[in-house]
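Quick note, the sequences are listed as chains C and S, same order.
Counting in this note's numbering, the first sequence runs from 25 upward without gaps.
Counting in this note's numbering, the second sequence runs from 6 upward without gaps.
Yeah, the Cβ is synthetic: ideal placement off N, Cα and C, and Gly gets one too.
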Amino acid sequence: MANISLSGQKKSIESVFSWYEDQIEAINDFKNKVITSIIHPRPSLVVNKKFISLTLTEINLYFDNSTNELKHLVCLNLISATEAFLRVDYYKRIKKRERSKIGRLFRDIENNKENKVSLEDDIIEAWKSIKRSNSFSDFLGLLKYRHWLAHGRYWTPKLGREYSFDIAYEIVENVFKAVSK
Amino acid sequence: MKADTFEDFLKKKKEEEPKINWERRQAQWIKSVTDFYNNVKKWLKPFTEKGLLVIKEDSWVHIYEDGFGDYDIKKIKIIVGKNNIITLTPRATLVLGGYGRIDMKGPMGEISIIQIKWGKWKFINKLTRNELWDANEETFKSVIQDLVNG
């Protein structure tokens, strides 16, 4: 087995979701502060100079963009957390020499690939072969979105669907459930 | 009894909000834009009289702002030479840090003018939003040159 030292720092999707909610609330509070300083200006309300001269419409657009950016980054975090979950699960099953069907498939992969185990081609394909749900196919689609985010979004992605935060969360939650069953 | 208490709560909340006379604010904004245009016409009068530039006041911009709803406000064009058109377009009175903004666009660029106090206008660097300078006869003529020549 590849000699990997697990950090113990992997994130749960629940903690990512909770952090996302905090950031949405913070953005909304910030937006309300900026809008209040337009409609009811008072000296005690100090706002960043970059907003000076912006109209309400422009400020709404600015914060809509901030929220969309946050959603992209949180989706990236969700997908990364799921990758970590799947890889740690893989290593644990190998280490335990688990006798289940997935354990045997993982051992075959490990014997053939050692430290070149691919998340998409090996781990997820193994899960897909033994689970009937679409969870893993959906997650493979989501990984294309992750690839686009992680490599700088410089091309127009052909994702086949639009990934909102809610959709991404549902997909990764289904993967967690399918693996944990 | 409970309903009265709730009504009192709502009334108190309503009283807490600063009262804005939207009609007055809108009228003040439209007048301030007209006053600014009059200043522009005064600053450029020596050149319009010599036929070196033309000011046209024949178009309007439609604006929607929360509180006011829809309204129309005049925009002006300054024509330098044959094809160099500089447009002054009011954007809104509800802007951060002031009482309104006019955008000034020419063939080589764009700049904003913010009304920081009623009747007191300043140019603002759209990129940094930190740099503000008075909009007066000298700076206005300089900005026209920048917007035409780049």
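Closest by C-alpha distance to residue i, when choosing among the options
| i | options | result |
| --- | --- | --- |
| C/Pro67 | S/Asn135, S/Ala140 and S/Gly102 | S/Gly102 |
| S/Thr98 | S/Pro112, S/Asp71 and S/Lys110 | S/Asp71 |
| S/Arg96 | S/Ile84, S/Asn88, S/Met113 and S/Ser117 | S/Ser117 |
| C/Leu164 | C/Asn84, C/Leu129 and C/Thr106 | C/Thr106 |
| C/Phe189 | C/Pro181, C/Lys120 and C/Arg170 | C/Arg170 |
| S/Ile81 | S/Thr133, S/Thr92 and S/Thr53 | S/Thr92 |
| C/Ile28 | C/Trp43, C/Tyr115 and C/Lys125 | C/Tyr115 |
| S/Met109 | S/Ile121, S/Lys125 and S/Ile90 | S/Ile90 |
| C/Ile48 | C/Val70, C/Asn72, C/Asn92 and C/Phe75 | C/Asn92 |
| S/Tyr69 | S/Ile60, S/Asp77 and S/Glu142 | S/Asp77 |
| S/Trp48 | S/Gly105, S/Thr144 and S/Lys16 | S/Thr144 |
| C/Ala108 | C/Gly32, C/Ala192 and C/Asn198 | C/Gly32 |
| C/Gly176 | C/Leu97, C/Ser153 and C/Asn198 | C/Leu97 |
| S/Asn135 | C/Lys182, C/Val71, C/Ser124 and C/Glu45 | C/Val71 |
| S/Val38 | S/Lys16, S/Thr94 and S/Lys19 | S/Thr94 |
| S/Ile83 | S/Tyr42, S/Gln33, S/Val59 and S/Lys55 | S/Val59 |
| S/Gly114 | S/Leu152, S/Glu54, S/Phe14 and S/Lys55 | S/Leu152 |
| C/Leu78 | S/Thr133, S/Asp75 and S/Glu142 | S/Thr133 |
Three-state secondary structure assigned by DSSP to residue i
| i | result |
| --- | --- |
| S/Glu70 | strand |
| C/Ile83 | helix |
| S/Asn141 | coil |
| S/Asn44 | helix |
| C/Asp44 | The displayed chain sequence assigns Tyr, not Asp, to residue 44 of chain C. The answer is helix: DSSP assigns C/Tyr44 an H, G or I state. |
| C/Lys205 | coil |
| S/Pro95 | strand |
| S/Tyr76 | strand |
| S/Ile121 | strand |
| S/Glu62 | strand |
| S/Ile81 | strand |
| S/Asn26 | coil |
| S/Asn89 | strand |
| C/Arg66 | coil |
| S/Val100 | strand |
| C/Arg177 | coil |
| S/Lys36 | helix |
| C/Ile28 | coil |
| S/Glu136 | coil |
| S/Lys127 | strand |
| C/Gly127 | helix |
| C/Ile76 | coil |
| C/Arg117 | helix |
| C/Lys155 | coil |
| C/Arg170 | helix |
| S/Lys110 | strand |
Inter-residue Cα distance where the pair is residue i and residue j
| i | j | result |
| --- | --- | --- |
| S/Ser147 | C/Ile59 | 33 angstroms |
| S/Gln31 | S/Ile119 | 16 angstroms |
| S/Ile9 | C/Leu100 | It is Asp, not Ile, that sits at residue 9 of chain S in the sequence shown. Straight-line Cα distance between these residues: approximately 51 angstroms. |
| S/Trp123 | C/Glu194 | 53 angstroms |
| S/Gly86 | S/Gly111 | 13 angstroms |
| S/His67 | S/Lys131 | 22 angstroms |
| C/Val196 | C/Lys73 | 40 angstroms |
| C/Glu149 | C/Val40 | 26 angstroms |
| S/Lys36 | S/Gln150 | 27 angstroms |
| S/Phe52 | S/Glu62 | 17 angstroms |
| S/Tyr104 | S/Phe11 | 36 angstroms |
| C/Lys140 | C/Ser153 | 20 angstroms |
| S/Asn154 | S/Phe73 | 38 angstroms |
| C/Lys57 | C/Ala192 | 30 angstroms |
| C/Lys205 | C/Arg185 | 28 angstroms |
| S/Trp34 | C/Leu94 | 36 angstroms |
Contacting residues, own chain, Cβ-Cβ under 7 angstroms from residue i (five flanking each side not counted)
| i | result |
| --- | --- |
| S/Asp139 | Lys127 |
| C/Ala174 | Leu100 |
| C/Phe87 | Ile51 and Lys55 |
| S/Val100 | Arg106 and Ile119 |
| C/Ser90 | Ile51 |
Nearest-angstrom beta carbon gap, residue j and residue i [assumed within contact, 8 angstroms]
| i | j | result |
| --- | --- | --- |
| C/Leu80 | C/Ile62 | 6 angstroms |
| C/Leu167 | C/Ile103 | 7 angstroms |
| C/Ile76 | S/Ile107 | C/Ile76 to S/Ile107, Cβ: 15 angstroms. No contact. |
| S/Trp65 | S/Lys46 | In fact, because the Cβ distance is near 18 angstroms, the residues do not count as touching under 8 angstroms. |
| C/Leu110 | C/Ile83 | Actually they do not touch by this definition, with Cβ atoms about 41 angstroms apart. |
| C/Asn198 | C/Asp162 | 7 angstroms |
Close beta carbons around residue i, own chain, < 8 angstroms, minus the five adjacent residues each side
| i | result |
| --- | --- |
| C/Ala202 | Trp151, Lys155, Ser157, Ser159 and Phe160 |
| C/Val112 | Leu30 and Lys34 |
| C/Arg121 | Gly127 and Arg131 |
| S/Glu28 | none |
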